[in-house]
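Working notes for the structure below.
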Amino acid sequence: MSNQYFIINLRVYLDKDQPTYIGEHSLYKLLSDFSCPGNPDVEFFLLHNAIEFTKKDQSITYLVFSESDAALVGYFSLAIKPISICAANISKTMAKKLARVSILNQKTNSYTTAAYLIAQLGKNYSLPKEQQISGSVLLGFALKTISNLQYSIEGIIEFLECEDNDFLLNFYIQNHFKPFDTRTTIPTHNGKAHQLHQLLKFI
0 MSNQYFIINL RVYLDKDQPT YIGEHSLYKL LSDFSCPGNP DVEFFLLHNA IEFTKKDQSI
60 TYLVFSESDA ALVGYFSLAI KPISICAANI SKTMAKKLAR VSILNQKTNS YTTAAYLIAQ
120 LGKNYSLPKE QQISGSVLLG FALKTISNLQ YSIEGIIEFL ECEDNDFLLN FYIQNHFKPF
180 DTRTTIPTHN GKAHQLHQLL KFI
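Residues in the sequence shown are numbered from 0 upward in steps of one, following numbering that gives the first Met the number 0.
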């Protein structure tokens, strides 16, 4: 299934030294057909933030295209972020692994470490259903990309945050992510705060 797609780092479209350079105007046009009505934040990020975040090194967005017709089927964005994990929320086995690469705050009994964040993950619903990429394949591309990075620069944890949605939560749990906390967002472009589940997975 994965050989039906190819992945492009957004940087190559913005780097004038690369033969793939197309510039911001053309890149916005390329992204404009992306639609994710079930998760407006995912759509908003790609259409309004992905380019600036990539330019400022806040996160890197990877576009996933269909091999057959080069249609944009989805994307994911990655970053390296610090996280704090309460020891009471994880197993002793997980705590032992964390202890090797993190700092334990004795007062709060929580571990602080750097981890790979899957900041965004979204599929393009503007395509006919038979042409849409599956969530599992898209997540697999994100995990494979992190695995390749880990081979070069180390790191043992990947994490993500998802909406308070049973389908999404079960999807990530089925893909071996473990819930470790929740947080409430600050109001975003839509003016609303909401709860996010935080999940982690050892690489």
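By construction, the Cβ of each residue, glycine as well, lies at the ideal position given by its N, Cα and C atoms.
A86 sits in a helix when the DSSP states are folded into three classes. For I79 against N8, the beta-carbon gap comes to about 15 angstroms, at or over 8 angstroms, which does not count as contact.
In terms of Cα proximity to Y74, the closest of G139, A94, K95 and Q105 is G139.
In the DSSP assignment, R182 is bridged to L195. K15 and I82 have their C-alpha atoms some 35 angstroms from each other. Excluding its 5 nearest sequence neighbours in each direction, L126 has C-beta neighbours in its own chain below 8 angstroms: A70 and V72, listed in chain order. Looking at A118, N2 and C85, the one whose alpha-carbon comes closest to that of K106 is C85. Under the three-state reduction of DSSP output, I155 falls in the coil class, being neither helix nor strand. Of the candidates A98, S101 and V63, V63 places its Cα closest to the Cα of G134. In this structure, the CA atom of L103 is about 20 angstroms from the CA atom of L116. Scanning its chain for C-beta atoms nearer than 6 angstroms, with the 5 sequence neighbours on each side dropped, one finds around Y61 the residues I6, N8 and F75, in chain order.
Excluding residues up to 5 positions away in sequence, E160, C161, D163, L168, P178 and T181 lie with their Cβ nearer than 7 angstroms to the Cβ of H196 in the same chain.
By the Cβ neighbour-count rule, A192 is exposed, with fewer than 16 other Cβ atoms within 10 Å of its own.
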